[in-house]
Structure formats: structure tokens, C-alpha cells
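**Q**
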Amino acid sequence: MFNFKYYIANSVKDFINKREKREGLKNIFFKKLDKNFLELTREEQVQRIVKILESQGFKLKK
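The sequence shown begins at -3 in this note's numbering and counts up by one.
1) In terms of residue numbering, what span does the alpha helix (DSSP H) encompassing residue 11 cover?
2) Work out the CA separation of residue 11 and residue 23 for me, nearest whole Å.
3) Taking only beta-carbon atoms, is residue 4 less than 8 Å away from chain B?
4) Identify whether residue 41 lies in helix, strand or coil by the three-state DSSP scheme.
5) Under 8 Å by Cβ, that's how I've got residue 46 and residue 34 pegged, so tell me the actual separation to the nearest angstrom.
6) How many Å lie between residue 0 and residue 40 at the Cα?
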């Protein structure tokens, strides 16, 4: 039913590299969020994520 894969990694970069090698997929989106991201309101969080996605080349319908 569920298909979970475990990755033992020492850092975020190590995790990304192991995942790319094992699954054969290139990680096209990875950008760190601010440390205070969870302290923002929901609307501010959505706006921040939309801004990051658009900067990565995604086109979103509004």
C-alpha cells in the first residue's frame, strides 16, 4: 500500500545526492526557507512559497 524509502544522510546535500543516485531523478527544486517561516501567518507562508516557485520557473494560476 505505502512505498516508503529510507535515506540515511549526514547532511541535506548528502540526502539529495543519494536520492538522485537511487531514483535516477534530478532534484529540480530545493531552496531553504527562512528560519522564521513557521512564525508567519498562513497567507504570508503561501506568498513566500509562491514567490520562490515563480523564481524557480514555475508558472502558477491565480
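Note that the Cβ used here is the ideal one computed from N, Cα and C, for glycine as well.
**A** So, from the listed chains and residues:
1) Mapped onto the sequence shown, residue 11 falls at position 15. 8 to 19 is the extent of the alpha helix (DSSP H) around residue 11.
2) As a working mapping, residue 23 is identified with position 27 in the sequence shown. As a working mapping, residue 11 is identified with position 15 in the sequence shown. Answer to the nearest angstrom: the Cα atoms are 11 Å apart.
3) Included in the structure is just one protein chain, with no chain B present.
4) The residue given as residue 41 occupies position 45 in the sequence shown. Of the three classes helix, strand and coil, the one that applies to residue 41 here is helix, per DSSP.
5) As a position in the sequence shown, residue 46 is number 50, starting the count at 1. As a position in the sequence shown, residue 34 is number 38, starting the count at 1. About 17 Å; that fails the 8 Å criterion.
6) On the sequence shown, position 4 is the one that residue 0 refers to. On the sequence shown, position 44 is the one that residue 40 refers to. Cα-Cα distance, rounded: 31 Å.
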